[in-house]
């Protein structure tokens, strides 16, 4: 008797747990050939598993595994961890910070002033993804004076820029658009350069 | 469409093997060889058939002391009837006429 045969018998004998897996084990003597033996033992283990768990528990275990996989996929779709290779949002976000992006809730609640969003910008021939802060929504008129930002002629309180001065041209956000600015006003490449962007370019909101 | 119980191609192969000698008690390994089904496919079918009382089982006392007793299988009367029925249904499916059957004339 070969080593494979002996090993298979040993494994199956330990796993066998009822009449059917014992029956598979008893037939093992008839099986010839290494791969046939391995296959026979594998099938026997399957039967032993069935007998050990019973149909009800087997279903429950399977359901649990499926639920875990679905949950993992769902979470990975809804929440993603992103790496920020930009200084546009300094000092709120540092270069190379990792942030958690919620890709779903903004679609339900809509975007609000002050939200930090991940958006894909198409500026001429160039397309890039960046992180920025929503300053204006559809219909808002954005302007700057004395280094401060005004929305519909009302000065914004922007503690997150830590006193940095902002320069911008007057702009009115079109229907279905958003106007974004990075917190690092001196360096950020944002709507002051590429203008309002369609709200559909937003892929997620930072948690 | 809900599937008929005990009508899968694998189960039909098991029926074929068991119907070859309906009165004889058969070993699992021989059934596996005749049907080409691995143990992991064959035994779940046997378990289902046995649970539905379509298959009877018994243990064969070991011929040689020290060898484990082997399990034997044979269709019950109900099992044989169902096996014949499933085989007929499968044959009918296989020879189902084309969408526009040629009308047959009495001869």
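Chains as they are written, first to last, in this note's numbering: chain B, 408 to 614; chain G, -17 to 89.
Note that the Cβ used here is the ideal one computed from N, Cα and C, for glycine as well.
Everything numeric in this text was worked out from a predicted model, so none of it was measured.
Excluding sequence positions up to five before and after residue 500 of chain B, its CB lies within less than 6 angstroms of the CB of 491, all in the same chain and listed in chain order. In the structure shown, residue 595 of chain B falls within a coil segment according to DSSP collapsed to helix, strand and coil. Counting along the chain, residue 546 of chain B sits inside no alpha helix (DSSP H), nor does DSSP assign it H or E at all. Closest option to residue 534 of chain B, judged by alpha-carbon separation, among B/590, B/540, B/608, B/542: B/608. Counting every other CB atom within 10 Å of its CB across the protein chains shown gives residue 549 of chain B a total of 16 or more, marking it as buried.
Using a 10 angstroms sphere on the CB of residue 532 of chain B, the tally of other CB atoms stays under 16, which defines it as exposed. Residue 544 of chain B is a Cβ neighbour of residue 585 of chain B, given a cutoff of 8 angstroms.
The beta carbon of residue 43 of chain G sits no closer than 8 angstroms to any beta carbon of chain B. Among the residues facing chain B, residue 22 of chain G is included, as its CB has a counterpart in that chain under 8 angstroms away. Between residue 54 of chain G and residue 42 of chain G, the CB-CB gap stays under 8 angstroms.
In the structure shown, residue 53 of chain G adopts extended strand secondary structure according to DSSP, grouped into three states.
Under a 10 Å Cβ-count criterion, residue 17 of chain G is classified as buried, with 16 or more other Cβ atoms of the shown protein chains found around its own Cβ. Where residue 614 of chain B is concerned, there is no enclosing alpha helix (DSSP H), because DSSP gives it neither an H nor an E. Taking residue 415 of chain B as the centre and dropping the five residues before and after it, the same chain places the C-beta of 444, 448 closer than 6 angstroms to its C-beta, in chain order.
Nearest Cα to residue 527 of chain B within the set B/518, B/520, B/537: B/537.
Assigned with DSSP and collapsed to three states, residue 531 of chain B falls in coil, not helix or strand.
Of B/542, B/560, B/557, the smallest CA-CA separation from residue 602 of chain B is found for B/542. Assignment of residue 494 of chain B by DSSP, reduced to helix, strand and coil, places it in the coil class. Listed in chain order, the positions of the stretch 51 to 65 of chain G with a beta carbon within less than 8 angstroms of a beta carbon of chain B are 51, 52, 53. Secondary-structure assignment with DSSP links residue 573 of chain B through no beta bridge to anything.
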